[in-house]
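Sequential numbering of the sequence shown, starting at 2, is according to my numbering.
Step one of this worksheet: look at the structure below.
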Amino acid sequence: MTTPFDFEPTASQRALQDEARALAAEVLAPRAAALDREGGFPHDNLARVAKAGMLGVNVPKALGGLEAGAVAYSLMMTELARACASTTVAVGVSNMVAEVVCKFGTREQQQAHVPKLCDGRYVVGAFALSESGAGSDPAGMRTRARRTDRGWVIDGTKMWISSGTDAGLFVVWARTSDGGARGISAFLVPGDTPGLVRGKPEHKMGLRGSTTTPLEFHGCEVGDEALLDAEGRGFRIAMMALDGGRIGIGSQALGIGLCALDAFAAWVRQGPGPRAAEQHVQWALADSAMQLDAARLLTLRAAWLKERGDNFTREASMAKLQGSEAANAVCARVLEAMGPAALRMDCPVERCLRDVRVTMIYEGTSEVQRIVLGRDIARRFGEERGA
Ligand SMILES: Cc1cc2nc3c(=O)[nH]c(=O)nc-3n(C[C@H](O)[C@H](O)[C@H](O)COP(=O)(O)OP(=O)(O)OC[C@H]3O[C@@H](n4cnc5c(N)ncnc54)[C@H](O)[C@@H]3O)c2cc1C
2 MTTPFDFEPT ASQRALQDEA RALAAEVLAP RAAALDREGG FPHDNLARVA KAGMLGVNVP
62 KALGGLEAGA VAYSLMMTEL ARACASTTVA VGVSNMVAEV VCKFGTREQQ QAHVPKLCDG
122 RYVVGAFALS ESGAGSDPAG MRTRARRTDR GWVIDGTKMW ISSGTDAGLF VVWARTSDGG
182 ARGISAFLVP GDTPGLVRGK PEHKMGLRGS TTTPLEFHGC EVGDEALLDA EGRGFRIAMM
242 ALDGGRIGIG SQALGIGLCA LDAFAAWVRQ GPGPRAAEQH VQWALADSAM QLDAARLLTL
302 RAAWLKERGD NFTREASMAK LQGSEAANAV CARVLEAMGP AALRMDCPVE RCLRDVRVTM
362 IYEGTSEVQR IVLGRDIARR FGEERGA
């Protein structure tokens with residue numbers, strides 16, 4: 002039996018979207034400008050997000066999650082990002098970490114870590130994959146984990162780790178043998194483990210309310226129970242996690258683009274004069290809304306496939322690529338159409354423009370998405386019915 006197309010969220014998906022919209026309006030939006038100006042880590046926002054269960058959206062209820070699914074997660078991320086992109090970096094990564102532990106962890110690992118990720122006892126989780134010179138190509142990583150009779154000792158340096166200042170749990174990828182991707186394993190490392198040193202946050206152009214730090218591992222000892230799945234399976238875990246993560250980034254980018262479009266539409270209605278009658282304004286509104294709608298559809302399709310248990314790698318990559326590029330184009334176009342009004346620091350558009358840029362970089366740059374998609378399409382296009 003075929004499944005009919007249905008563009009309507011279910012009642013429970015809609016409920017989470019509404020709840021996220023309300024939380025965004027009440028808590029995140031009023032603080033977003035100050036968070037951007039002052040920088041730092043959004044502790045209070047995250048405590049409220051955790052209280053609402055939004056750090057474990059696609060996690061079983063038995064482990065403290067909402068079990069609301071990937072579509073609801075995407076809708077929630079967009080609503081939160083429409084108010085505060087910085088907060089959603091930590092939210093997105095933490096959800097990704099919770100899902101990784103659910104999917105690849107043993108029962109003991111799940112019970113030890115997932116409830117603490119969901120209810121905020123860990124503050125948030127973090128994803129420590131990238132290194133200097135090994136971002137687009139994580140198989141080139143140099144961080145090592147050496148086996149001992151008590152477990153493992155990790156040595157090396159990670160770069161650009163979101164929430165690195167405050168996360169209570171890190172998934173850390175390290176080389177356990179030579180041999181490229183097959184020599185990489187993943188470990189669950191609590192933030193207070195001796196030998197794990199959190200570096201100073203980067204001073205960034207955007208997402209200034211999200212900390213991005215290096216992490217140093219100096220003889221960092223963890224027990225056997227820290228190894229996620231089996232030795233040598235880390236690269237596969239990272240790639241699968243990033244598939245889901247890209248739905249999150251597509252949703253986040255969409256939210257940032259909508260924030261800029263909200264400001265633009267408000268400015269058009271405000272006047273003075275009949276701004277809505279000006280052709281350049283109409284074109285900017287039309288192109289922006291259309292690009293963001295296309296991004297929304299691609300993102301929800303990827304989330305829907307994930308929720309059905311189908312392969313969604315290609316669709317998640319398209320969602321991330323389209324979402325991030327559309328949102329970047331929209332923020333730039335809105336700024337141009339509004340002129341100096343959009344450059345004022347009390348207007349969210351200039352913040353959106355700074356925040357949105359990195360969506361084309363993290364969790365796989367646009368160039369890397371195109372390479373992966375291009376290879377996949379060359380191999381499979383036309384072989385599947387309907388392609
Ligand atoms: C704010 C922020 C937060 C981040 N958070 C995290 C996090 O939480 N955890 C984590 O593990 N990482 C994180 N990252 C790292 C991020 O995922 C990497 O920066 C990203 O994957 C790019 O890797 P790179 O920095 O090594 O750049 P490079 O790989 O050196 O890329 C530099 C440029 O070269 C291009 N390029 C690279 N290879 C090719 C190619 N084969 N063909 C064409 N062009 C190419 C890239 O597209 C890019 O434009 C974060 C980064 C930022 C900026």
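No residue lacks a Cβ here, since even glycine has one placed at the ideal position from N, Cα and C.
Within the same chain, show all residues whose beta-carbon is closer than 6 Å to that of G220, passing over the 5 residues directly before and after it, in chain order. Position 219 of the sequence shown, counting from 1, holds the residue named residue 220. Taken in chain order, the residues that qualify are V154 and G196.
Ends of the beta strand (DSSP E) at C221? Within the sequence shown, the letter at position 220 stands for residue 221. Where C221 is concerned, the enclosing beta strand (DSSP E) stretches over T213 to G224.
Among the residues of its own chain, which have a CB less than 7 Å from the CB of W268, if the five just before and after it don't count? Reading the sequence shown from its first residue, position 267 is the one you call residue 268. Correct list, in chain order: M339 and A342.
What does A159 pair with, by DSSP beta-bridge criteria? Walking along the sequence shown from the start, residue 159 turns up at place 158. Note that residue 159 is Lys in the sequence shown, not Ala. Answer is L216, bridged to K159.
Spatial neighbours of Q283 in its chain, beta-carbon cut-off 8 Å, leaving aside the 5 residues before and after: Position 282 of the sequence shown, counted from the first residue, corresponds to residue 283. The answer, listed in chain order, is A277.
Beta-carbon proximity list for E232, same chain, < 6 Å, skipping 5 on both sides: Taking the first residue of the sequence shown as 1, we reach residue 232 at position 231. Within the same chain, E232 has close Cβ partners T177 and S186.
Whole-Å CB distance - L293 paired with L259, under 8 Å assumed: Stepping through the sequence shown from its first residue, residue 293 is reached at position 292. Stepping through the sequence shown from its first residue, residue 259 is reached at position 258. That belief holds up - the Cβ atoms of L293 and L259 are roughly 6 Å apart, short of 8 Å.
Going by beta-carbon coordinates alone, are E80 and G246 separated by less than 8 Å? Position 79 of the sequence shown holds residue 80. Position 245 of the sequence shown holds residue 246. For E80 and G246, no; Cβs fall outside 8 Å.
Which residue from L17, K104, G249 and D167 puts its Cα closest to that of D193? Taking the sequence shown and counting its residues from 1, the one referred to as residue 193 is at position 192. Answer by Cα proximity: D167.
Which whole-angstrom value is the C-beta distance of V173 and A129, which I expect to be below 8 Å? Locating residue 173 in the sequence shown gives position 172, counting from the first residue. Locating residue 129 in the sequence shown gives position 128, counting from the first residue. Between A129 and V173 the Cβ distance is about 5 Å, and since that is below 8 Å, they are a contact.
For F426, name the three-state secondary structure that DSSP assigns. This structure does not reach residue 426, given that the chain is present from 2 up to 388, and the question cannot be answered.
Which first and last residues belong to the alpha helix (DSSP H) in which V124 is found? Sequence index remark: in the sequence shown, residue 124 carries index 123 (1-based). Segment: none, V124 is in no alpha helix (DSSP H) and carries neither H nor E.
Cutoff 8 Å; reference E100; Cβ partners in own chain excluding five residues on either side: In the sequence shown, residue 100 corresponds to position 99, counting from 1. Only N59, V60, A242 and G245 meet the Cβ criterion.
Buried or exposed for G126, please, with buried defined as at least 16 other CB atoms from any protein chain shown within 10 angstroms of its CB. For this step, residue 126 is matched to residue 125 along the sequence shown. G126 counts as buried, since at least 16 other C-beta atoms from the protein chains shown sit within 10 angstroms of its C-beta.
Counterpart residues of P191 in DSSP-defined beta bridges: As a working note, residue 191 is residue 190 in the sequence shown. In the DSSP output, where bridge partners are listed per residue, P191 has L170.
Cβ distance (whole Å) where S289 is taken to contact E326 below 8 Å: Counting from one through the sequence shown, the residue named residue 289 turns up at place 288. Counting from one through the sequence shown, the residue named residue 326 turns up at place 325. About 13 Å separates the two Cβ atoms, so there is no contact after all.
Could you tell me which of L76, F188 and F42 sits nearest to Q110, measuring between CA atoms? Here residue 110 corresponds to residue number 109 of the sequence shown, with the count starting at 1. Among L76, F188 and F42, the Cα nearest to that of Q110 is on F188.
Rounded to whole angstroms, what is the Cα-Cα separation between S211 and G383? Looking up residue 211 in the sequence shown gives position 210. Looking up residue 383 in the sequence shown gives position 382. The straight-line gap from Cα to Cα measures roughly 42 Å.
Could you please give me the residues that DSSP links to R145 through a beta bridge? As a working mapping, residue 145 is identified with position 144 in the sequence shown. DSSP lists D156 and R176 as the bridge partner or partners of R145.
For a quick check, are the C-beta atoms of D37 and R352 less than 8 Å apart? As a working note, residue 37 is residue 36 in the sequence shown. As a working note, residue 352 is residue 351 in the sequence shown. In contact: D37 and R352 (Cβ atoms closer than 8 Å).
Does G1 pass the burial test, meaning 16 or more other C-beta atoms within 10 Å, or should it be called exposed? Any property of residue 1 remains undetermined from this structure, which presents the chain solely from 2 to 388.
Have a look at K159 and E203 and give me their C-alpha separation to the nearest angstrom. By one-based count along the sequence shown, residue 159 stands at place 158. By one-based count along the sequence shown, residue 203 stands at place 202. Between K159 and E203, the C-alpha separation is close to 13 Å.
Cβ-Cβ distance between P43 and A86 below 8 Å: For the purposes of this step, residue 43 is identified with residue 42 of the sequence shown, where counting begins at 1. For the purposes of this step, residue 86 is identified with residue 85 of the sequence shown, where counting begins at 1. No, the pair does not count as a contact, with Cβ atoms beyond the cut-off.
With A264 and P349 assumed to form a contact (beta carbons below 8 Å), what rounded beta-carbon distance in angstroms separates them? On the sequence shown, residue 264 is found 263 positions in, with the first residue counted as 1. On the sequence shown, residue 349 is found 348 positions in, with the first residue counted as 1. Right, their Cβ atoms sit about 5 Å apart.
So, using beta-carbon positions, are V28 and R49 closer together than 8 Å? Residue 28 sits at position 27 when you count from the first residue of the sequence shown. Residue 49 sits at position 48 when you count from the first residue of the sequence shown. Against a cut-off of 8 Å, the Cβ pair of R49 and V28 comes out as a contact.
Ligand 1 and I185: does the residue's C-beta get closer than 7 Å to at least one heavy atom of that ligand? Translated into the one-based positions of the sequence shown, residue 185 becomes position 184. Flag unset: Cβ of I185 not near ligand 1.
Let me know the secondary structure DSSP gives L67 once reduced to three states. The sequence position of residue 67 within the sequence shown is 66, counting from 1. In the structure shown, L67 sits in coil (DSSP, three-state: anything other than H, G, I, E or B).
Closer than 7 Å to a non-hydrogen atom of ligand 1 - does that hold for the CB of L390? Here the chain has residues from 2 to 388 only, and residue 390 is not among them.
Taking Q253 as the reference, which of P10, A82 and P31 has the closest Cα? Start at 1 with the first residue of the sequence shown, and residue 253 comes out as number 252. Among P10, A82 and P31, the Cα nearest to that of Q253 belongs to A82.
Which parts of the stretch 273-349 are runs of the alpha helix (DSSP H), unbroken and 4 residues or longer, counting only runs that do not cross its ends? 280-309, 314-339 and 341-344
I'd like the span of the alpha helix (DSSP H) that includes T47, first residue to last. As a first step, residue 47 must be located in the sequence shown, where it is residue number 46. Going by the sequence as given, residue 47 is Leu instead of Thr. Segment H44 to K52, the alpha helix (DSSP H) holding L47.
Which residues in the same chain have their Cβ closer than 6 Å to the Cβ of F313, if we skip the five residues on either side of it in sequence? In the sequence shown, the residue the question calls residue 313 occupies position 312. Excluding positions up to five away in sequence, the list reads A303, L306 and K307.
First through last residue of the beta strand (DSSP E) which encompasses L197: For the purposes of this step, residue 197 is taken as the residue at position 196 of the sequence shown. Residues L197 to R199.
Cβ of K205 versus every heavy atom of ligand 1: is any distance shorter than 7 Å? Looking up residue 205 in the sequence shown gives position 204. Yes, Cβ of K205 sits closer than 7 Å to a heavy atom of ligand 1.
Run the proximity test for Y363: is its beta-carbon closer than 7 Å to any non-hydrogen atom belonging to ligand 1? As a position in the sequence shown, residue 363 is number 362, starting the count at 1. Yes, the Cβ of Y363 comes within 7 Å of a heavy atom of ligand 1.
What is the rounded straight-line gap between the Cα of F6 and the Cα of T89? Taking the first residue of the sequence shown as 1, we reach residue 6 at position 5. Taking the first residue of the sequence shown as 1, we reach residue 89 at position 88. F6 and T89: Cα-Cα distance of roughly 29 Å.
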